[in-house]
Amino acid sequence: MSVAAQSERGVAHVRSERWVPALATLLALALVAAAVEVVLDGAAGLSPLIPKSPQIAGWLQGAGERLGYRVFLIALLVSSCAYVGLIVLAGRSRLAGADAGAERRYAGGVISKRWAIALVAALQLIVFAGPILISTDVFSYIAYARMAVEHGLNPYTHGPIAIHHDPIYRYVGRDWDRVATAYGPLYTLLSYPLAPLGVVGALWGMKLEALLASAGTLALTWRCARARGLDPVLAILVVGANPLYVLYALGGAHNDLIMMLAMMAAVSLMVIGTPSRRREAGAAMWVVAGALTKATVAVLLPFMILSKRSLAPILGAAAAVALGALIGYAAFGIHGIDVVAALNRDAAFVSSDSFATEIAHLLGKPGVFPVDHDLLKAALVLIVVHLLWRTWRGYDWVAASGWALLAISVTSTWLLAWYILWPLPLAVVTRDRRLLIATLCVQGLFIIHQTSPLLAPVQ
Amino acid sequence: MSATAASAPRRRDTGTVRAIETTLLVIVGVILAVATVNDVGRQVQGNHRLIADLRTWRHYTGHDYRNISIDSETLGLDSQREILCGNTSPGAPGVRTQICLAIWGPTVNGVRTVHAGWYLPPHVEDVRAQRYGCFGSGLQGMCAR
């Protein structure tokens, strides 16, 4: 093809792309408007979607109406559609950028770096300013901290009902008030400084922790994507503008964000900069630190070790496990380090949103039976073994870890929105786009499953 | 054999594995999608039944109250038989004497059949020991008084 023909095609391409910034802005506005609507209506209180909570967003009251299922689900669907549109545009921008110099294109092109960061920051701050959304988990986190710090009780042997006279108790979800903490000792110790701040102070502390963890996760995702020659703008939009990430994970101040920060710290040590034994050991230590927050992330470790085939990550992990066990034992006794018991207990729970329950219903069963738990565990083991074999044969360990996390959430009988976010930061820093598509499809199905109150509202 | 020649079969193997994986992923994806859509349909059907139950309670008691509790578990989770409890006079949920209705059967003209019922004192949970003034049939042993 001649230079002139190439140039003409380029001009035509640029002309045909003129609508893209306008559409991107429209989609971004839809995302922001949906988040604002949920936060303002949520601040009005008395909503089945807003857990009973101390008044922390009173200054937003009066601007919205009571948040009902209909408004929330419409906002969720609008933001999901806008999100998908934005990703498609960012993906197009990336493809176009591949022709004209990727770095230049996504640094100042159709969806610029600044534009993407501003959008993601706006979404995070809007939700940060509002009430706790959807879940009571954050009140359990505070209750466990207050049990230990204010009442001298071991949160690994008692449920929050042991402090029923404490002001936090009335906000803890009824299903959890007799359940001891399932989180790692590192996370429990991290939450200690918030306990003396009172319920409102601790709640803001938890929200701030979640916001900072989210910012850290996004920054590391950006750096990892760039280090691997992938588009960081697309990566940050996929994770930071994700409606489940924004409304559910950040909105509920879930500690999954802290786990994901540790996970991305580990990945960044492995993929950014010159590889070294020290970095490999450090990465393994970060994975263990993440697992001492929430155990699930430990699944990264075998893939990391297998891909490197060196002693450094094994030694790093062993040192971190030993240190964590020592601290956990000193602080909480044997129960503080009995991760297997906590995992076994949680694995027995069943939620109506889990795919296991949906398939049971499809097969005409009323729900998940004990034998189904065993079948699901067997399926998960098979998947992980296959992924380990693939990693041994040279498959990207980051992608394999992402698949393993996705498999854990899909085979879990206890599925919550923030669980299907675990593989997302990994999916955007790997070249195997199947992982990203699969993760987004699973999230899409989860969202579709929420929509029945919209189709037949019970009043 | 050169390195390039040796890596060619390995690339072919990886390509085959990838194709098998993708096929399995698509199959799993279709199963999950069908299960999800089926479950949404099931929930919508359940919601329609609950809408009929609420209408039945309001029609039977003559009270157009909003706060009515629905229990789908006591009479069997998948039995499509529900117990609905609400106040007998205006007030916050559960602070007045409550009337509970056991409802099942097909929806006719937007309502279902009330087969039995009982009363509950204020501020108590719906447990056998608290039920009194039982009426109707088909729920032997559900009432203490």
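Protein sequences appear in the order of chains A and B. Residue numbers for the first sequence follow this note's numbering, beginning at 1 and rising by one. Residue numbers for the second sequence follow this note's numbering, beginning at 1 and rising by one. Note that beta-carbon positions come from the ideal geometry of N, C-alpha and C, so glycine has one too. Please read these numbers as outputs of a predicted model, since none were measured by experiment.
Do Leu250 (chain A) and Gln124 (chain A) have their C-beta atoms within less than 8 angstroms of each other? Yes.
Gln98 (chain B): first and last residue of the uninterrupted beta strand (DSSP E) it sits in: First-last of the beta strand (DSSP E) with Gln98 (chain B): 98–108.
Inter-stretch contact at 8 angstroms, needing at least 3 Cβ pairs: the stretch 346–353 of chain A / the stretch 14–26 of chain B: Touching, no.
What residue range does the beta strand (DSSP E) around Tyr132 (chain B) cover? Residue range 132–136 is occupied by the beta strand (DSSP E) that includes Tyr132 (chain B).
Taking the continuous beta strand (DSSP E) assigned at Val113 (chain B), which residues delimit it? Rather than Val, the amino acid found at residue 113 (chain B) in this sequence is Thr. Thr113 (chain B): member of the beta strand (DSSP E) spanning 111–120, first to last residue.
Quick one: residues in its chain with C-beta nearer than 6 angstroms to the C-beta of Arg92 (chain A), no 5 flanking neighbours on either side, listed in chain order? Cβ neighbours of Arg92 (chain A) beyond the five flanking positions: none.
Strictly by DSSP, which residues pair up with Asp71 (chain B)? Looking at the DSSP output, Asp71 (chain B) bridges to B:Ile83.
Pair within 8 angstroms by beta-carbon distance, Thr296 (chain A) and Ala356 (chain A): Contact: no.
Suppose contacts are defined by Cβ-Cβ distances below 8 angstroms. Is Ala281 (chain A) in contact with Pro302 (chain A) by that definition? Going by C-beta atoms, Ala281 (chain A) is not nearer than 8 angstroms to Pro302 (chain A).
Within the same chain, show all residues whose beta-carbon is closer than 8 angstroms to that of Leu67 (chain A), passing over the 5 residues directly before and after it, in chain order. So the qualifying residues of the chain are Val38, Asp41, Gly42, Ala44, Ser47, Leu49, Ile50.
Three Cβ pairs or more, each shorter than 8 angstroms: is that satisfied between the stretch 374–394 of chain A and the stretch 422–430 of chain A? Note that the stretch 374–394 of chain A does not touch the stretch 422–430 of chain A; fewer than 3 beta-carbon pairs, one per stretch, sit closer than 8 angstroms.
Output the distance between the C-alpha atoms of Asp256 (chain A) and Ser268 (chain A), rounded to the nearest integer angstrom. About 18 angstroms.
Beta carbon proximity, Arg434 (chain A) to chain B, threshold 8 angstroms: By this cut-off, Arg434 (chain A) is an interface position.
Given 8 angstroms as the limit, is there contact between the stretch 86–100 of chain B and the stretch 59–68 of chain B, that is, 3 or more CB pairs closer than that? Three or more beta-carbon pairs separated by less than 8 angstroms link the stretch 86–100 of chain B to the stretch 59–68 of chain B, which places the two stretches in contact.
Would you kindly work out how many angstroms separate the C-alpha atoms of Val127 (chain A) and Leu203 (chain A), rounded to a whole number? Rounded to the nearest angstrom, the two C-alpha atoms are 14 angstroms apart.
Residue span of the alpha helix (DSSP H) that contains Leu203 (chain A), given as start and end: First-last of the alpha helix (DSSP H) with Leu203 (chain A): 198–227.
Is there contact here, the stretch 23–30 of chain A with the stretch 75–94 of chain A, by at least three beta-carbon pairs under 8 angstroms? The answer is yes - the stretch 75–94 of chain A touches the stretch 23–30 of chain A, with three or more Cβ pairs under 8 angstroms.
Is the CB of Ala438 (chain A) under 8 angstroms away from at least one CB in chain B? Yes, contact with chain B.
Using the rule of at least 16 other Cβ atoms within 10 Å of the residue's Cβ for burial, across every protein chain shown, is Thr181 (chain A) buried or exposed? Thr181 (chain A) comes out buried.
Any non-hydrogen atom of the ligand NAP within 7 angstroms of Thr439 (chain A) CB: Looking at this structure, you won't find the ligand NAP or any other ligand, since it has none at all.
What is the residue span of the alpha helix (DSSP H) that Gly184 (chain A) lies within? Where Gly184 (chain A) is concerned, there is no enclosing alpha helix (DSSP H), because DSSP gives it neither an H nor an E.
Residue span of the alpha helix (DSSP H) that contains Met142 (chain B), given as start and end: No alpha helix (DSSP H) contains Met142 (chain B), which DSSP labels as neither H nor E.
Using only the alpha-carbon positions, how far apart do Arg434 (chain A) and Thr56 (chain B) sit? If you take the alpha carbons of Arg434 (chain A) and Thr56 (chain B), they lie about 50 angstroms apart.
What is the rounded straight-line gap between the Cα of Ala417 (chain A) and the Cα of Ala322 (chain A)? C-alpha separation (whole angstroms): 32 angstroms.
CA nearest to the CA of Met142 (chain B), picked from B:Ala33, B:Gly117, B:Val17: A check of alpha carbon separations from Met142 (chain B) across B:Ala33, B:Gly117, B:Val17 identifies B:Gly117 as the nearest.
Just to confirm the assignment, what range does the alpha helix (DSSP H) spanning Arg174 (chain A) have? DSSP places Arg174 (chain A) in no alpha helix (DSSP H); its state is neither H nor E.
Do three or more CB pairs link the stretch 239–253 of chain A to the stretch 212–230 of chain A at distances below 8 angstroms? Yes: at least three Cβ pairs fall under 8 angstroms.
Quick one: is Val44 (chain B) near chain A, going by C-beta distance under 8 angstroms? With 8 angstroms as the cut-off, Val44 (chain B) counts as an interface residue toward chain A.
Opening and closing residue of the alpha helix (DSSP H) in which Ala298 (chain A) lies: Secondary structure note for Ala298 (chain A): it is in no alpha helix (DSSP H), with a DSSP letter that is neither H nor E.
Just the C-alpha distance for Ser176 (chain A) and Gly159 (chain A), rounded to the nearest angstrom, thanks. Going by the sequence as given, residue 176 (chain A) is Trp instead of Ser. So the alpha carbons of these two residues sit roughly 7 angstroms apart.
Between Thr451 (chain A) and chain B, is there a C-beta pair that is closer than 8 angstroms? Yes - at least one Cβ of chain B is within 8 angstroms of the one on Thr451 (chain A).
On the three-state DSSP scale, how would you describe Arg128 (chain B)? Helix at Arg128 (chain B).
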